[in-house]
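Enquirer: I'd like to ask you about the structure that follows.
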Amino acid sequence: MASLGNSCTVAVSSICTPRRPRKVQANVGWASSSLLCRTSRSTPAAVSRVARFPSVQCGSSPTPRRDGASISTDDIPAATAKPTRSARARKDAVSETATDEDNGSAVEKADPIRRRTRASSSSSGAKDKKSKKGASPAKAGEDADEQAGGATGGDRRRKSKALSENEGRLAQLREELQKALEERQRLAALLQGKAEPEEAAPGQATRTPVGERATQAKEEAAAAAVRKAAAERARDEALALKKEEEALRAVQAAEKAEREVAQARAREEAAAETREVAAARAREEAEAKAAGEAAARASREAAARAREAAEERARAEAMARERAEAEAKARAEAASMVELPRREQLRKLQEEHEFIAAKMFFYPGQAQPGKPVEIFFHRPASVLKDKSGVNVVGAFNNWQWQPFKAELKPSTEVGNDWWTCVIQVPAEAYQADFVFHSNDNVYENNDGHDFYFAVTGGMGEEEFHTMLNERKRQEAEREAAEEAERERRAEEERRAAKLKAQQEAERKKARDMANEARNRLGEMRRTCGTSLEGVWRVEEVGGAGGGERVVRLLYNRAGRPLAGSGAVWVHGGINGWQDGLSATGELKADNKDHGDWWSIQLTLPPDAVVLNWVMADGPVGGARAYDNNGRKDFAASVASDEEARRYFDALEETVLARLEKERIEREEREAKEAVRRGELKAAMKRRTKEAFLQSQAHVFFTEPAEPRAGETVRVFYNPSNTVLHGRQNVWMRGSFNRWTHRTGCFLPVHMQPAANGTHLVGEVTVPIDAFIMDLVFMDSSDPNVASYDNRGGLDYHVPITNSTAKEPPLYITHIALEMAPIAKVGGLGDVVTSLSRAILELGHKVEVVLPKYDVLKYDNIQDMQDRGSFAWGGTNWRMWFGYVEGIGVHFLEPENGIFWVGCIYGRKDDGARFGTFCNAALEFLVQTGRQPDIIHCHDWSSAPAAWLHAESYKQYGLGNARTVFTIHNLEFGQALIGRAMAACNMATTVSPTYAWEIGGHGAVAAHRGKFHGILNGIDPDIWDPMTDPFIPMRYSAEEVVEGKRAARDELRRRLNLRFDDRPVVGIVTRLTAQKGIHLIKHAIWRTLDRGGQVVLLGSAPDPRVHSEFEHLAGQLNNSHNNMQRLCLSYDEPLSHLIYAGCDMILVPSMFEPCGLTQLIAMRYGAVPVVRKTGGLNDTVFDVDNDHDRARAHSKEVNGFSFEGADAAGLDYALDRAISGWYDGREWWNGLARRVMEQDWTWNRPALDYLELYYGARK
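According to my numbering, the sequence shown is numbered sequentially starting from 51.
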């Protein structure tokens, strides 16, 4: 508490319960401590109200003055102090106070307020003792409040004591006043002569009447004056006492009000506490009840499971007993029948089975593995009684092992009505399964249940499946090894063929080069000689060993360009500069001859025929002046004719050896680069998988992360992050191998709390033939009433390693109107090719059906073949097949010419042409007998395939297929898209944000349950700075600084931009309204204002937009000529150089379903600056604002983004990017390295599409 004056320390006793006095510090100026003890609970107004009564005493405690000095009541002047009393009175007052504190005082009895206070205090004290045993929360709150107010109990008693003392003083003054009045009346009576004069005392002189009256008058006047003064003093003191009494009563009234407020507050707090306690008790009771119910439910479920297990065991035991009994009976019958001749045994079996109207029996009555069994079929009792011929077809062990077939003949032992054949039972059999049929394929299959008999004494079912899976695994390994061997041999053959072709090409090239060199050097030898008079000459000095020769070159610089130069250097080579600069050195002055001659000795290799050189005033890289013989260079013959002939004869082999060496070095370098790329790709895939697992760990994960077949896996699940949020109990239900495992679904597993405190955990044992585990989670053990979390219909799946079984591949067919690079208009073509390749690399079968346009880029199609034709729709359709980037493509070419129009899009009949193609594509699948698992349609152009399949082809030939439809851009063909959305099994679009943005559109809204957003990726083989042929230096994330510097220099050189240390902003786009034309224009000027350079590459389909940008280019060329370039026609090689050479790439699209520009930019280490829309929002995480969002996607921040569609919004992102480049170059380089390492390829999207494909088939 802030001090308002000197402090006053008082001893206070609680009035609630007797306890040791405690010190209370009161800091409220010079107010009474009896009030200050409650100031912590009083308002400032109350404090000021108390402070207005300084005369209220504080017992014997020091009372601060206004000037700050401490005084006691004994120091108060008589004019202001209350009337003094005798020492005995003070002693009595002290005694009275002590009595008050223990039992109450007479003053207390006279004061009703104090009496009520004391009574309340006594009552509270009595109740306080009871509260220790068990008081209500409300009463406990009151007692606590009384105890808290104990500090003021003594103050109230002292105030009451002071009031009592004031009342005593008032009574004394009244008595004195009464005496003064009586004296006044007596004097008045004397004056009126009513009183008898007193007799003089003996011996006293007698006074005269006049003198006596004068003396008496004086005395009366003095007495009257005294009486008057006393009366006035009495009145003043009475008034003062009355004021003090009124003040005390006001204080008591204020205290009472405060006490009532405090008690009301205490009651409220106690009531609130009571409510909280009641609520807590209610919660505890509810939780206890829920726990009890859960325990009871768990107990019931455990009991139910125990009963089920017991029943299952009982059934198994019963079946085992029945089987054992049957086997024993069969053995007994067999044993008894062994004693009978075969014919009698058969006759007995015939009679028994005819009696029960059986259609077959077998002999002997107990089939054993590895032995023959004879089957007898009662034809008159079957549907084959009037048919010709009887045959049996079957297999063992539920049709899984060794199929067999045989023809039955009439039996000669049991009669012609029974037909018979013999089959051999394999050693692995535990059961034989078969049916009978006639020669015209009428079947007798035992009313749909097939015929079977058990095989005893061999393998059990589980043992057989273990053996079968092991054999399958061995067979798969054998097939894989054979396939690998075939691939190795094929690769060797390809390499041999390639090497042969390379060697032939090198031989031809060497021959051509040798002939060209022979002609050129021969002509040079004939014309150059060994000297030029007065200018230069070459003298042979001798051999240097190893076939090398030494020559002296002399040069006269007089009258030449180097006359007067400080030094003379030769920059030379041999044989027409075949090895570049190989003979260099500084000449020395040699003035033996007339002129300014300089000379040098040069050592030349054995194959030197011609010496070529120029003269310079400095070494290579340091010369400024040259003498190059008038731009013809100098040349001299340095070999004899015989030496030259031998050289020319060996020239072809020499060139060939050099070419082979270069090829080998190139192949070794490429092999190393391929290994490195493979390692980087593997590492990227590994990081992507880890990020994927990490991104879903808050919901679902397993231990181990990669479960092994035949082992137990722990499954962790967090329902609070799913549709099962708040459920008290969760069960896990599942199966294996995409819900197709022979064991079916396992019983629901009741999950228990895990040690991490957030997840539930359950255990599952994985069969040895499981390659994937399938899971859903539910809030009841009864699947019929449970609510499910099945991940939006896709279920949870966990790949299994070390399985004896292999997942069968899916067969996916894309029906599309675009495909990169042979028929590409936009991003759709990229997606078709890249997605197909990614799924193909995962081991699945993928094909594409495409129109055979007359504008196809046939150079990118390998092994084009004519596959015949089919008739449909009033025309003949020719079928072609070829490979595009390893993907099998079927080209359909209608002979009516609807695709021979010189374009892909742009005609008024596009809708009709594409609808016809979609129908023909489905017809092609039917007529060629293809049965794809998935038919994937793309955008409005192939949307008709989805509903044509649903309405027609699903019932006629393509019943196995399911359709998946992808919206690439909802801007076009919305009616067609809406119809396809209704017909397809699953639908996607190209980013999660775009899926959310269009989710309310009429074409989509009704089908959101099957609509998913999956990000597109980029093709890492097309966009790879480590292999890109269009950039000057190939680089990875480790060399991003050097690689981008080389690309930036080349970009500036090619576009004639200034070579400065400033940022370069790139824009690669189509110039349409969707791409934010107004923001692009503003960004160009803004970048130039910030000192940056701008390169734009884009084409405008609208001539007016193209004209606008041509005008802008003219303006910029006049004002900022070497700081910007607008390239208004698309150039593929230049786009690669822009991505590599620019520091940042701007993508300010108004809407962008996915966008590949920002992904390609990051692949090349260019930082994206984007507007937050569609796929741009899903792939770019702002370095300042998106740290949390990036972590949620298992990514790191990687760019700059803005939300508005105006210049201010763009400036917010662009300015931060440019400032970041200027202010922190090391930070910027780290950011460029980071964005290069992020995986935006098809690794993750391919896995998502696979899950969608399986979801469509579920």
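Quick reminder that beta carbons are idealized off the backbone N, C-alpha and C, glycines included.
What residues in its chain sit with their C-beta under 6 angstroms from that of P422, if we drop five residues either side in the sequence?
Expert: Along the sequence shown, one-based indexing puts residue 422 at 372. These residues qualify, in order along the chain: V472, Q474.
Enquirer: What three-state label does DSSP hand K455 in the structure shown?
Expert: The residue you call residue 455 lines up with position 405 of the sequence shown. Correct three-state label for K455: strand.
Enquirer: Kindly indicate the opening and closing residues of the alpha helix (DSSP H) around K682.
Expert: The residue labelled residue 682 in the question sits at position 632 within the sequence shown. Unbroken run through K682: none, as it is neither H nor E.
Enquirer: Out of curiosity, what's the CA-to-CA distance linking F751 and G1225?
Expert: As a working mapping, residue 751 is identified with position 701 in the sequence shown. As a working mapping, residue 1225 is identified with position 1175 in the sequence shown. Each residue's alpha carbon lies about 27 angstroms from the other.
Enquirer: Cα-Cα, which of A1096, H1170, E1202 is closest to L1045?
Expert: What you label residue 1045 is simply residue 995 of the sequence shown in a count that begins at 1. A small correction: the amino acid at residue 1045 is Ala; Leu does not occupy that position in the sequence shown. Nearest of A1096, H1170, E1202 to A1045, Cα basis: E1202.
Enquirer: For V881, which of A456, M801, L1065, N834 has the nearest alpha-carbon?
Expert: By 1-based counting over the sequence shown, the position of residue 881 is 831. Of the listed residues, the one whose Cα sits closest to V881 is L1065.
Enquirer: Pick helix, strand or coil for K907, following the three-state DSSP scheme.
Expert: Taking the first residue of the sequence shown as position 1, residue 907 is located at position 857. Three-state DSSP puts K907 in coil, outside helix and strand.
Enquirer: Taking M782 as the reference, which of G812, P754, P757, Y1304 has the closest Cα?
Expert: Position 732 of the sequence shown holds residue 782. Comparing Cα-Cα distances from M782 to each of G812, P754, P757, Y1304, the minimum goes to G812.
Enquirer: From what residue to what residue does the beta strand (DSSP E) around L603 run?
Expert: Numbered from 1 along the sequence shown, position 553 holds the residue referred to as residue 603. 598-606 is the extent of the beta strand (DSSP E) around L603.
Enquirer: Mark L998 as exposed unless 16 or more other C-beta atoms lie within 10 angstroms of its C-beta, in which case mark it buried.
Expert: Mapped onto the sequence shown, residue 998 falls at position 948. Answer is buried; the Cβ neighbour count reaches 16.
Enquirer: Name the one or two DSSP bridge partners that D916 has.
Expert: For the purposes of this step, residue 916 is taken as the residue at position 866 of the sequence shown. According to DSSP, which records beta bridges pairwise, D916 is partnered with W930.
Enquirer: Judging by CA-CA distance, which residue of T925, R1012, G938, N926 is the nearest neighbour of D913?
Expert: Here residue 913 is taken as the residue at index 863 of the sequence shown, counted from 1. When each option's Cα is compared against that of D913, the closest is G938.
Enquirer: For the segment 1213-1280, list the beta strand (DSSP E) runs that are entirely contained and at least 3 residues long, ordered along the chain.
Expert: Counting whole runs of 3 or more residues, the segment 1213-1280 contains the beta strand (DSSP E) stretches 1217-1221, 1250-1252.
Enquirer: Measuring only the C-alpha atoms, how far is A1097 from G609?
Expert: Taking the sequence shown and counting its residues from 1, one reaches residue 1097 at position 1047. Taking the sequence shown and counting its residues from 1, one reaches residue 609 at position 559. The straight-line gap from Cα to Cα measures roughly 44 angstroms.
Enquirer: Sorted by chain position, which residues of the same chain lie with C-beta nearer than 6 angstroms to R1102's C-beta, five sequence neighbours on each side aside?
Expert: Indexing the sequence shown from 1 puts residue 1102 at position 1052. So the qualifying residues of the chain are F1109.
Enquirer: Could you check where the alpha helix (DSSP H) with W990 kicks off and where it finishes?
Expert: What you label residue 990 is simply residue 940 of the sequence shown in a count that begins at 1. Here the alpha helix (DSSP H) through W990 covers 989-992.
Enquirer: Nearest by alpha-carbon distance to A1133: which of I1068, V601, L1264 is it?
Expert: Working through the sequence shown from its first residue, we reach residue 1133 at position 1083. For the residues I1068, V601, L1264, the minimum Cα distance to A1133 belongs to L1264.
Enquirer: Given a threshold of 16 other Cβ atoms within 10 Å of its Cβ, counted over all protein chains shown, does G184 qualify as buried or as exposed?
Expert: On the sequence shown, residue 184 is found 134 positions in, with the first residue counted as 1. With a pLDDT of 42 at G184, under the threshold of 50, the predicted position of this residue should be treated as unreliable, though the coordinate-derived value follows. The residue in question, G184, is exposed, as its Cβ has fewer than 16 Cβ neighbours within 10 Å.
Enquirer: Between W469, D1069, K1060, A221, which has its C-alpha nearest P871's C-alpha?
Expert: For the purposes of this step, residue 871 is identified with residue 821 of the sequence shown, where counting begins at 1. The residue with the shortest Cα to Cα distance from P871 is D1069.
Enquirer: Mind the definition here: the segment 484-502 touches the segment 441-450 only if three or more C-beta pairs lie below 8 angstroms; say whether that holds.
Expert: In short, these stretches touch, since the Cβ pair count reaches three.
Enquirer: Just verifying my parser: in three-state terms, what is the DSSP assignment at R557?
Expert: Indexing the sequence shown from 1 puts residue 557 at position 507. If DSSP states are grouped into helix, strand and coil, R557 belongs with the helices.
Enquirer: In or out: L972 buried (at least 16 other Cβ within 10 Å) or exposed?
Expert: Indexing the sequence shown from 1 puts residue 972 at position 922. It counts as buried.
Enquirer: If we count the other Cβ atoms within 10 Å of its Cβ and call it buried at 16 or more, is R371 buried or exposed?
Expert: For the purposes of this step, residue 371 is taken as the residue at position 321 of the sequence shown. That one is exposed.
Enquirer: With respect to the alpha helix (DSSP H) encompassing C1034, which residues constitute its N-terminal and C-terminal limits?
Expert: Your numbering for residue 1034 matches position 984 in the sequence shown. Here C1034 belongs to no alpha helix (DSSP H), and DSSP marks it neither H nor E.
Enquirer: Assuming the contact rule is C-beta atoms closer than 8 angstroms, P982 and T863 should be a hit. Round their C-beta distance to whole Å, please.
Expert: Here the question's residue 982 lines up with position 932 in the sequence shown. Here the question's residue 863 lines up with position 813 in the sequence shown. Indeed they touch by this definition, with Cβ atoms about 4 angstroms apart.
Enquirer: Determine the direct distance from the alpha carbon of A707 to that of L900, and round the result to whole angstroms.
Expert: The residue labelled residue 900 in the question sits at position 850 within the sequence shown. The residue labelled residue 707 in the question sits at position 657 within the sequence shown. Approximately 47 angstroms, taken between the alpha carbons.
Enquirer: So, helix, strand or coil for N1171, using DSSP?
Expert: As a first step, residue 1171 must be located in the sequence shown, where it is residue number 1121. Correct three-state label for N1171: helix.
Enquirer: On the CB-based measure, 16 or more other CB atoms within 10 Å of its CB, does Y1304 come out buried or exposed?
Expert: Translated into the one-based positions of the sequence shown, residue 1304 becomes position 1254. Result: buried.
Enquirer: Which residues share a DSSP beta bridge with E424?
Expert: Here the question's residue 424 lines up with position 374 in the sequence shown. Note: E424 sits in a beta bridge opposite Y413, V472.
Enquirer: Does the distance from the C-beta atom of V659 to that of S687 stay below 9 angstroms?
Expert: Locating residue 659 in the sequence shown gives position 609, counting from the first residue. Locating residue 687 in the sequence shown gives position 637, counting from the first residue. Closer than 9 angstroms, so yes.
Enquirer: When you compare only the Cα positions, how much space is there between Q235 and Q228?
Expert: Counting from one through the sequence shown, the residue named residue 235 turns up at place 185. Counting from one through the sequence shown, the residue named residue 228 turns up at place 178. Cα to Cα, the separation comes out at about 11 angstroms.
Enquirer: If we count the other Cβ atoms within 10 Å of its Cβ and call it buried at 16 or more, is M517 buried or exposed?
Expert: Residue 517 sits at position 467 when you count from the first residue of the sequence shown. Exposed, because fewer than 16 other Cβ atoms sit within 10 Å of the Cβ of M517.
Enquirer: Over what stretch of residues does the beta strand (DSSP E) that includes E943 continue unbroken?
Expert: Translated into the one-based positions of the sequence shown, residue 943 becomes position 893. Counting along the chain, the beta strand (DSSP E) containing E943 begins and ends at 937-944.
Enquirer: Just grab the DSSP bridge partners of Q778 for me.
Expert: As a working note, residue 778 is residue 728 in the sequence shown. Paired residues: none, contrary to the question.
Enquirer: Using a Cβ-Cβ cutoff of less than 8 angstroms, which residues in the same chain neighbour L1187 once the five nearest sequence positions on both sides are dropped?
Expert: Your numbering for residue 1187 matches position 1137 in the sequence shown. F1080, I1081, A1097, E1100, L1101, R1104, listed in sequence order.
Enquirer: Within the continuous alpha helix (DSSP H) that includes Y1006, where are the two ends?
Expert: The residue given as residue 1006 occupies position 956 in the sequence shown. Premise fails: Y1006 is in no alpha helix (DSSP H) and is neither H nor E.
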